[in-house]
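*Asks:* The structure follows.
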Amino acid sequence: MAKVFPARFFDGSGDEFPDEFPDEFPDCMHETEILDDFSETLTENAQETLTENAQETLTENAQDSVNWEIPESLWKNLNDAQQEAVAYGDGPLLVVAGAGTGKTTMLAHRVANLVARGADPSRILLLTFTRRAAAELVQRAKHLLESVSQEQSARINHIWGGTFHAVGTRLLRIYGKHVGLPPNFAILDRSDQEDLMNLVRAESVPVTNVKRFPKKGTCVSMYSRCINSQKKLYEILALYYPKFEEYLPELSRLFDAYMQRKVEDALLDYDDLLLYWSALMRHPEVGEKIRKRFGWVLVDEFQDTNMIQAEIVKGLTPDGRGLTVVGDDDQSIYSFRSATVRNILELPQAFPNTKILPLEMNYRSSDAILKATNRVIAQLPERYRKELFSSRQGGVLPTFCKCRDEDAQTNYVVDRILEHFENGTPLREQAVLFRSSSHSVRLETELARRRIPYVKYGGLKFTESAHVKDLLSFLRLAENPSDLPAGIRLLGMLPGIGPKTALTLMGILRDAGGNLNVWSSWTPPKRTGNERWFALVTLLKKLTDSPMTLKEQVQEVLDHYRPILQEQWPVDGDSRLADLEQLLDVAQKFKGRTEFLAEFVLDPPQSSEELADKPDIDDDYLILSTIHSAKGLEWKCVYVIHASDGNIPSDMSTGRQEDIDEELRLFYVAMTRARDYLYVTCPLQYFHTGKPSWSSHYSRVLPTRFLPKKILKACFEEDVCYDAPDPDETEDFRNILAEEGLTPEEWIRSQTSDLW
Numbered sequence: 051m052a053k054v055f056p057a058r059f060f061d062g063s064g065d066e067f068p069d070e071f072p073d074e075f076p077d078c079m080h081e082t083e084i085l086d087d088f089s090e091t092l093t094e095n096a097q098e099t100l101t102e103n104a105q106e107t108l109t110e111n112a113q114d115s116v117n118w119e120i121p122e123s124l125w126k127n128l129n130d131a132q133q134e135a136v137a138y139g140d141g142p143l144l145v146v147a148g149a150g151t152g153k154t155t156m157l158a159h160r161v162a163n164l165v166a167r168g169a170d171p172s173r174i175l176l177l178t179f180t181r182r183a184a185a186e187l188v189q190r191a192k193h194l195l196e197s198v199s200q201e202q203s204a205r206i207n208h209i210w211g212g213t214f215h216a217v218g219t220r221l222l223r224i225y226g227k228h229v230g231l232p233p234n235f236a237i238l239d240r241s242d243q244e245d246l247m248n249l250v251r252a253e254s255v256p257v258t259n260v261k262r263f264p265k266k267g268t269c270v271s272m273y274s275r276c277i278n279s280q281k282k283l284y285e286i287l288a289l290y291y292p293k294f295e296e297y298l299p300e301l302s303r304l305f306d307a308y309m310q311r312k313v314e315d316a317l318l319d320y321d322d323l324l325l326y327w328s329a330l331m332r333h334p335e336v337g338e339k340i341r342k343r344f345g346w347v348l349v350d351e352f353q354d355t356n357m358i359q360a361e362i363v364k365g366l367t368p369d370g371r372g373l374t375v376v377g378d379d380d381q382s383i384y385s386f387r388s389a390t391v392r393n394i395l396e397l398p399q400a401f402p403n404t405k406i407l408p409l410e411m412n413y414r415s416s417d418a419i420l421k422a423t424n425r426v427i428a429q430l431p432e433r434y435r436k437e438l439f440s441s442r443q444g445g446v447l448p449t450f451c452k453c454r455d456e457d458a459q460t461n462y463v464v465d466r467i468l469e470h471f472e473n474g475t476p477l478r479e480q481a482v483l484f485r486s487s488s489h490s491v492r493l494e495t496e497l498a499r500r501r502i503p504y505v506k507y508g509g510l511k512f513t514e515s516a517h518v519k520d521l522l523s524f525l526r527l528a529e530n531p532s533d534l535p536a537g538i539r540l541l542g543m544l545p546g547i548g549p550k551t552a553l554t555l556m557g558i559l560r561d562a563g564g565n566l567n568v569w570s571s572w573t574p575p576k577r578t579g580n581e582r583w584f585a586l587v588t589l590l591k592k593l594t595d596s597p598m599t600l601k602e603q604v605q606e607v608l609d610h611y612r613p614i615l616q617e618q619w620p621v622d623g624d625s626r627l628a629d630l631e632q633l634l635d636v637a638q639k640f641k642g643r644t645e646f647l648a649e650f651v652l653d654p655p656q657s658s659e660e661l662a663d664k665p666d667i668d669d670d671y672l673i674l675s676t677i678h679s680a681k682g683l684e685w686k687c688v689y690v691i692h693a694s695d696g697n698i699p700s701d702m703s704t705g706r707q708e709d710i711d712e713e714l715r716l717f718y719v720a721m722t723r724a725r726d727y728l729y730v731t732c733p734l735q736y737f738h739t740g741k742p743s744w745s746s747h748y749s750r751v752l753p754t755r756f757l758p759k760k761i762l763k764a765c766f767e768e769d770v771c772y773d774a775p776d777p778d779e780t781e782d783f784r785n786i787l788a789e790e791g792l793t794p795e796e797w798i799r800s801q802t803s804d805l806w
């Protein structure tokens, strides 16, 4: 049975037909296709000509599609709230989607519904926070449309989908000249950004007390907070870095010089991608062109946006027409990235006619778990009121366990993991979550002792590994001869060339307009040798001038870099080489070097395993993760450890009420990852080294303030665990050693003295 909605052509303008059709532009650009050759080679005038020639035909087709009946496949299996969101008109629409309420399903159906009702897919902009989210949404919508029309299903690939940074990159490649950007700008990752900041500081900003001046990473964090929050530097210093307030003048000069160097060298960092996109939207002509490109703007995870991203959204849809925003204020947990919950809370003020639709039916967690999570999040003083309810009743009460100390907590958690495993729950359906990465150290030791396999989410990303950055630096310098961090890294691989010489060589190359012949005439130091130097210059010229495929370029670099890698990492060189060989397969998926480099900066894989096409689905392993890294994921059994005041909330985040509120939301996110079983554990004392006796080794703590007694009594089963070494036994051992005139440390050394 078909469901009939009011007949209308949904182009987002509020009129039956658009007054002017958009420029013709290429297929959907996910982050695996950051640029499209067509959009680079087709001039704006040519695009306008194509538009004029196609307008009459497009309008005629649009008229034919006005009376669409929406097939049952585009709304069946949706609950009433989801159906209302899917069928809603041209906005502005705010869908407040609680944890596990089918947000992705709703968004995919809304996209499919828009296309089925006549919206031009190339006028739909889908902004997400990961590449995978955008790809999944488009694929789901495409699958839904297959039951309606194969033609429309194919056309859905014309949707613009990706992260803010990826879409910003694409728009800047097309329109960047209007804000002073060359088309071949390079994108810096975080470590490159830090290196460039350090170079600029050394060159341009003399500091009287270098030891006390903030480190390069801290400087980048300050700069990033200023850009993304749109706050003055003195405000950022007062709020987050008060001990560096005395360096306000030097930091101001540093950031000015840093910005100038990036402009000179055609370099953009993550923050610039948003900053320049925002500038495009304020450009009187270009801003209007971009607005006309998009009749529909859908933004996922809006609670995670920062101020500049919110300004971009307002620039895309000043009156809110065609705007759909999806998010959950209860899951806003990224203020350290300058995200602010105010964006979603104040959206109705930005667009006064906003329709607010809550999604409250939860398809993930049991009713017992939701009763607990609802009570916990209700403690927030300001939020959209919603009460999640489960699609399945009953369930096991969550467990709150007070443990004697960290060792008791570790034993308790591992025992529960093994119990569930023996009862049929695979390890990969169980996850241990914690506030800080350091909180898992003891657990990891015990898991290793018991030979329980695990993976830990977070940590060093694949492209942050030294050997991967080395290889990419060759391609980056060939792409942009002004890429200072890449050049200094690449030149530093040669013996006899230090940072100062590398900086001089990069200056020579820049003065020559990037012409590598200037390096051919340079005489290298004896330690470098003519053979090594000219091999490097020849390779760079080949990468720059030869019409090789991307895979051939990667192979050339790999052949050159292999002996360097084996020399630098003689122990694990083979495993690092295997990482790099994965890049050869990945290179085949990209049209060119520009797209490849942008992809690896904007959405880097966490490990080389992510590059493989077919992971081994038979592997079973426990998941360890920080709560931040677990957002959006779910498991059958979840263990939230170290739920004590000082950890949750972190004692570093209790200075302001808004910080405490975010810590509460973080705890809520952790709890709502669980489907069937939820355990929250709290050690009551923590061990500290360097004290003279056992009793003074411990400090006592209180359970998290987010679980007051009334919530524990109503929603949790309480447990205790004192499974830990008896301190008296340890004291007996110390007394025995004392009689022998030994400290424990001396006794340990006596047991190992014969080994070396």
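Plus 50 on top of the position in the sequence shown (first one is 1) and you've got my numbering. The beta-carbon is built from N, C-alpha and C at its ideal position, and this holds for glycine as well.
Helix, strand or coil for residue 301 per DSSP?
*Replies:* DSSP places residue 301 within a helical segment (H, G or I) once states are collapsed to three.
*Asks:* How would you write the range of the alpha helix (DSSP H) that residue 535 sits in, first residue to last?
*Replies:* Its alpha helix (DSSP H) spans residues 534 to 541.
*Asks:* Would you tell me roughly how many angstroms separate the C-alpha atoms of residue 447 and residue 714, rounded to the nearest one?
*Replies:* If you take the alpha carbons of residue 447 and residue 714, they lie about 20 Å apart.
*Asks:* Whether or not the region 265 to 275 and the region 330 to 342 are in contact is what I'm after, with contact meaning three or more pairs of Cβ atoms, one per stretch, closer than 8 Å; do they touch?
*Replies:* no
*Asks:* Smallest Cα separation from residue 18: which of 336, 326 and 372?
*Replies:* Only positions 51 to 806 of the chain appear in this structure, which leaves residue 18 out of reach.
*Asks:* Can you tell me which of the three DSSP states residue 384 falls into?
*Replies:* coil
*Asks:* Do residue 527 and residue 537 have their CB atoms nearer than 8 Å?
*Replies:* At a Cβ-Cβ threshold of 8 Å, residue 527 and residue 537 count as neighbours.
*Asks:* Can you find the residues in the same chain that come closer than 8 Å, C-beta to C-beta, to residue 540, ignoring five residues on each side of it along the sequence?
*Replies:* So the qualifying residues of the chain are 520, 523, 524, 527 and 586.
*Asks:* If distances are taken between C-alpha atoms only, which option among 504, 533 and 563 comes closest to residue 553?
*Replies:* 533
*Asks:* Under 8 Å, do residue 680 and residue 723 count as touching if we go by C-beta distance?
*Replies:* The Cβ atoms of residue 680 and residue 723 lie closer than 8 Å to each other.
*Asks:* Going by beta carbon distance, what residues of the same chain come within less than 8 Å of residue 407, once the five residues before and after it are set aside?
*Replies:* Within its own chain, the residues whose Cβ lies closer than 8 Å to the Cβ of residue 407, once the five positions on either side in sequence are excluded, are 131, 134, 135, 138, 143, 144, 145 and 146, listed in chain order.
*Asks:* From what residue to what residue does the beta strand (DSSP E) around residue 507 run?
*Replies:* 504 to 507 is the extent of the beta strand (DSSP E) around residue 507.
*Asks:* Locate the beta strand (DSSP E) running through residue 212, then write down its first and last residues.
*Replies:* Residues 210 to 213.
*Asks:* Inspect the beta-carbon positions of residue 275 and residue 286 and report whether they are closer than 8 Å.
*Replies:* yes
*Asks:* Alpha carbon to alpha carbon, what distance is there between residue 729 and residue 314?
*Replies:* 54 Å
*Asks:* Name the DSSP bridge partner or partners of residue 389?
*Replies:* 356
*Asks:* What first and last residue would you give for the alpha helix (DSSP H) that runs through residue 206?
*Replies:* Unbroken run through residue 206: none, as it is neither H nor E.
*Asks:* Just the Cα atoms here: how many angstroms apart are residue 56 and residue 167?
*Replies:* In this predicted model, residue 56 has a pLDDT of only 29, less than 50, meaning its place in the structure is not dependable enough to derive any value.
*Asks:* Can you say whether residue 290 is buried or exposed, counting buried as having 16 or more other CB atoms within 10 angstroms of its CB?
*Replies:* Exposed, since its Cβ has fewer than 16 Cβ neighbours within 10 Å.
*Asks:* When you compare only the Cα positions, how much space is there between residue 298 and residue 277?
*Replies:* Computed Cα separation, rounded: 16 Å.
*Asks:* Between residue 357 and residue 390, is the Cβ-Cβ spacing less than 8 Å?
*Replies:* Judged by their CB atoms, residue 357 and residue 390 are nearer to each other than the 8 Å cut-off.
*Asks:* Thinking residue 125 and residue 174 are a contact (beta carbons under 8 Å), I'd like their distance in whole angstroms, please.
*Replies:* In fact, because the Cβ distance is near 19 Å, the residues do not count as touching under 8 Å.
*Asks:* Is it right to say residue 702 is buried, meaning 16 or more other beta carbons lie within 10 angstroms of its own, or is it exposed?
*Replies:* exposed
*Asks:* Does the separation of the CB atoms of residue 753 and residue 694 fall below 8 Å?
*Replies:* yes
*Asks:* I believe residue 374 touches residue 348 by the beta-carbon criterion, under 8 Å. Please report the beta-carbon distance rounded to the nearest angstrom.
*Replies:* 4 Å
*Asks:* Determine the direct distance from the alpha carbon of residue 233 to that of residue 254, and round the result to whole angstroms.
*Replies:* Rounded to whole angstroms, residue 254 and residue 233 show a C-alpha spacing of 28 Å.
*Asks:* Using the Cβ count rule (16 or more neighbours within 10 Å means buried), how would you classify residue 158?
*Replies:* With 16 or more Cβ atoms within 10 Å of its Cβ, residue 158 is classed as buried.
*Asks:* Find out if the Cβ-Cβ distance for the pair residue 354, residue 384 is shorter than 8 Å.
*Replies:* yes
*Asks:* Straight-line CA distance for residue 664 to residue 618?
*Replies:* Note that residue 664 has pLDDT 39, beneath the 50 cutoff, so the model's placement of it is unreliable and no number is given.
*Asks:* Excluding five sequence neighbours on each side, which residues of the same chain lie with their C-beta closer than 6 Å to the C-beta of residue 507?
*Replies:* 675 and 679
*Asks:* Count the other CB atoms within 10 Å of the CB of residue 388; is the residue buried (16 or more) or exposed (fewer)?
*Replies:* buried
*Asks:* Go to residue 322, then tell me how far its alpha helix (DSSP H) extends in each direction, as first and last residue.
*Replies:* 320 to 332
*Asks:* Provide the residue(s) that pair with residue 138 in DSSP beta bridges, ordered along the chain.
*Replies:* Residue 138 pairs with nothing; no bridge assigned.
*Asks:* Identify the continuous alpha helix (DSSP H) that holds residue 675 and give its terminal residues.
*Replies:* No alpha helix (DSSP H) contains residue 675, which is instead part of the beta strand (DSSP E) from 672 to 676.
*Asks:* Would you say the region 497 to 505 touches the region 457 to 468, given that touching needs at least three Cβ pairs under 8 Å?
*Replies:* yes
*Asks:* Using the C-alpha atoms, what's the distance from residue 231 back to residue 669?
*Replies:* 47 Å
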